[in-house]
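Chemist:
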Amino acid sequence: MIKNGTTDGNSTPARPRPLSPNIQIYRPQLTSVLSIANRITGLILSLGAVGLVIWLSAAAAGPQAYGVVQSVIGSWAGQVALFGCTFAFFLHLCGGIRHLVWDTVHGFELRSIYISGWTVVVSSVALTVIAWVISLLIAGWPQ
Amino acid sequence: MNRRSFRSPLARALGLGSAKSGAQHWWAQRVSAIALVPLCLWFVVSIVTHAGSDYAVFAAWIRTPLAASCMILLLVALFHHSALGLQVVIEDYVHSGVRFVVIILVRFGCYGLTVIGIVATLLIAFSG
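Chains as they are written, first to last, in our numbering: chain A, 1 to 143; chain B, 1 to 128.
(1) For A/Pro-84, report the span of its alpha helix (DSSP H) as first-last.
(2) Give a yes or no on whether 9 angstroms exceeds the smallest Cβ distance from A/Pro-63 to chain B.
(3) Within the 9 angstroms Cβ cut-off, does B/Ile-103 reach chain E?
(4) With the cut-off set at 9 angstroms, would you say B/Ile-47 and B/Thr-121 are in Cβ contact?
(5) Using the rule of at least 16 other Cβ atoms within 10 Å of the residue's Cβ for burial, across every protein chain shown, is A/Thr-41 buried or exposed?
(6) Is there a Cβ from chain B that is less than 9 angstroms from the Cβ of A/Ser-135?
(7) Pick helix, strand or coil for B/Asp-92, following the three-state DSSP scheme.
(8) Beta-carbon of B/Ser-127 versus every beta-carbon of chain A: anything under 9 angstroms?
(9) Does the separation of the CB atoms of B/Gly-52 and A/Ile-130 fall below 9 angstroms?
(10) List, from N- to C-terminal side, the alpha helix (DSSP H) runs of 4 residues or more that fit wholly inside the stretch 15-62 of chain B.
(11) Buried or exposed: where does B/Phe-100 fall if 16 or more other Cβ atoms within 10 Å of its Cβ makes it buried?
(12) Using a Cβ-Cβ cut-off of 9 angstroms, state whether B/Gly-97 counts as contacting chain A.
(13) Are the C-beta atoms of B/Arg-30 and some chain A residue less than 9 angstroms apart?
(14) Identify whether A/Tyr-66 lies in helix, strand or coil by the three-state DSSP scheme.
(15) Less than 9 angstroms between the C-beta atoms of B/Leu-36 and B/Leu-78, yes or no?
(16) What in chain A is Cβ-close to B/Tyr-111, meaning under 7 angstroms?
(17) By the criterion of Cβ-Cβ separation under 9 angstroms, what are the contact partners of A/Val-50 in chain B?
(18) Leaving out the 5 sequence neighbours to the left and right, which residues in its chain are closer than 7 angstroms to B/Ile-118 when beta-carbon positions are compared?
(19) Give me the Cα-Cα distance between B/Val-94 and A/Leu-127, rounded to the nearest whole angstrom.
(20) Answer with yes or no whether the minimum CB distance from B/Ala-51 to chain A is below 9 angstroms.
(21) So which residues of chain A does B/Cys-40 contact, with C-beta pairs closer than 8 angstroms?
Shown next, in the form of structure tokens:
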């Protein structure tokens with residue numbers, strides 16, 4: 001007699017049959033985290049694109065409307081959102097370039113995938129910091 | 001490398017894939033992505049160098065033909081790329097019949113925002 005699994009047509013399995021692995025079972029890895037991060041940053045940047053149109057429309061409406069939008073961007077919440085958009089932009093840019101390299105059928109070895117993955121993380125953090133430091137140096141530190 | 005293909009020689013020559021138009025979406029996403037690399041870098045560099053500037057300085061920047069042209073190109077490429085990307089996300093996560101309504105609304109929204117952005121840019125460019 002077989003202990004595990006079905007023996008004949010009528011008996012139920014001794015234990016549940018294994019299901020195919022899903023997102024709750026897999027340990028997060030650099031590859032999977034960057035994959036979903038590229039999609040999430042794409043969604044964030046779509047919202048940022050709406051913000052760009054609001055900003056341009058306010059500027060077209062005149063100095064008063066532009067001032068209102070600028071004060072919203074200049075607020076703490078606005079600065080945090082802008083910082084998030086900057087990081088999302090650089091992560092999506094670097095991740096997108098990685099994808100374009102993959103499209104040429106290069107860099108698919110496991111070692112290359114991890115090297116390019118960490119390059120994306122480090123360069124997007126560095127570019128975000130550089131962009132903000134330069135803009136704060138040009139604008140002057142907020143009072 | 002020995003690559004076996006199950007496609008007929010005609011199907012390979014046409015290169016349309018099983019869905020007949022799948023490669024077109026993929027290709028448009030890549031072309032818009034390549035266009036966005038220089039346009040977004042131009043935008044970020046411009047915003048960083050104009051940090052803290054007032055309305056007059058900002059408007060004077062948009063009035064230059066290069067800035068107005070780049071802004072319009074950016075809006076077109078950005079919303080085209082967004083529409084293509086959001087469509088894939090919707091196709092992956094929305095499984096009911098609402099999917100088609102959402103895809104159409106997102107597409108209309110992207111087209112509408114492109115036009116609003118271009119008109120706003122032109123209004124600033126031709127003002128004053």
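For every residue, glycine included, the Cβ atom is placed at its ideal position computed from N, Cα and C. In this text, all values refer to a predicted model and were calculated from it rather than measured experimentally.
Modeler: According to the data block:
(1) By one-based count along the first sequence, residue 84 of chain A stands at place 84. Note that residue 84 of chain A corresponds to Gly in the displayed sequence, not to Pro. From DSSP, the alpha helix (DSSP H) with A/Gly-84 extends over 76-103.
(2) Indexing the first sequence from 1 puts residue 63 of chain A at position 63. Residue-level contact by beta carbon holds for A/Pro-63 and chain B, with a gap shorter than 9 angstroms.
(3) As a matter of chain content, chain E is missing from the structure shown, whose protein chains are A and B.
(4) As a working mapping, residue 47 of chain B is identified with position 47 in the second sequence. As a working mapping, residue 121 of chain B is identified with position 121 in the second sequence. For the pair B/Ile-47 and B/Thr-121, the CB atoms are not nearer than the 9 angstroms cut-off.
(5) Residue 41 of chain A sits at position 41 when you count from the first residue of the first sequence. The residue is buried, with at least 16 neighbouring Cβ atoms inside 10 Å.
(6) Counting from one through the first sequence, the residue named residue 135 of chain A turns up at place 135. Closer than 9 angstroms: yes.
(7) By one-based count along the second sequence, residue 92 of chain B stands at place 92. It is helical.
(8) Indexing the second sequence from 1 puts residue 127 of chain B at position 127. In terms of beta-carbon proximity, B/Ser-127 lines the interface with chain A, with at least one pair separated by less than 9 angstroms.
(9) Working through the second sequence from its first residue, we reach residue 52 of chain B at position 52. Working through the first sequence from its first residue, we reach residue 130 of chain A at position 130. In this structure, B/Gly-52 keeps its C-beta atom at 9 angstroms or more from the C-beta atom of A/Ile-130.
(10) Listed in chain order, the complete alpha helix (DSSP H) runs (minimum 4 residues) inside the stretch 15-62 of chain B are 22-49.
(11) As a first step, residue 100 of chain B must be located in the second sequence, where it is residue number 100. Per the 10 Å Cβ criterion, exposed.
(12) Working through the second sequence from its first residue, we reach residue 97 of chain B at position 97. No, no contact with chain A.
(13) Position 30 of the second sequence, counted from the start, is the residue given in the question as residue 30 of chain B. Among the CB atoms of chain A, one or more fall inside 9 angstroms of the CB of B/Arg-30.
(14) What you label residue 66 of chain A is simply residue 66 of the first sequence in a count that begins at 1. DSSP places A/Tyr-66 within a helical segment (H, G or I) once states are collapsed to three.
(15) For the purposes of this step, residue 36 of chain B is identified with residue 36 of the second sequence, where counting begins at 1. For the purposes of this step, residue 78 of chain B is identified with residue 78 of the second sequence, where counting begins at 1. The answer is yes: Cβ separation under 9 angstroms.
(16) Here residue 111 of chain B refers to the residue found at position 111 of the second sequence. Residues of chain A passing the Cβ test: none, with the nearest at roughly 12 angstroms.
(17) Counted from its first residue, the first sequence places residue 50 of chain A at position 50. In chain order: Gly-109 and Leu-113.
(18) For the purposes of this step, residue 118 of chain B is identified with residue 118 of the second sequence, where counting begins at 1. Cβ within range, chain order: Ile-72 and Leu-75.
(19) In the second sequence, the residue the question calls residue 94 of chain B occupies position 94. In the first sequence, the residue the question calls residue 127 of chain A occupies position 127. The straight-line gap separating the alpha-carbon atoms of B/Val-94 and A/Leu-127 is approximately 34 angstroms.
(20) Looking up residue 51 of chain B in the second sequence gives position 51. By this cut-off, B/Ala-51 is an interface position.
(21) Here residue 40 of chain B is taken as the residue at index 40 of the second sequence, counted from 1. Those are Phe-89 and Leu-93, listed as they occur along chain A.
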